[in-house]
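In the working numbering, the protein residues as written are 155 to 265.
Okay, here's the thing in structure tokens:
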């Protein structure tokens, strides 16, 4: 529980700025006649459509970046797996050589 406390203290001074940046900047309804309200509603619909198109483009760009990142991670995983396999084989060969050396030294002592 105490691990997130310093993070919260660091974010709190900037919380107002974050909220203001995240607030939608859509046209607001103001008192007026019905024709004016319909015009404002149409403008809001247009703004929502534009924002949704921008969200789609952002999601597509994010998906492309995620795909590149995942493929890079897969390549890194394969390389790490190959290195681990090589290290295991080197360790097995070293153990076999040590065992042969131990047997040879034991035979030399017994003679």
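Cβ atoms here follow ideal geometry from the backbone N, Cα and C, with glycine treated the same way.
Cα separation between residue i and residue j?
| i | j | result |
| --- | --- | --- |
| residue 256 | residue 234 | 32 Å |
| residue 250 | residue 227 | 34 Å |
| residue 230 | residue 259 | 43 Å |
| residue 223 | residue 188 | 51 Å |
| residue 162 | residue 219 | 29 Å |
| residue 217 | residue 205 | 18 Å |
| residue 199 | residue 237 | 56 Å |
Terminal residues of the continuous alpha helix (DSSP H) containing residue i?
| i | result |
| --- | --- |
| residue 231 | 188-264 |
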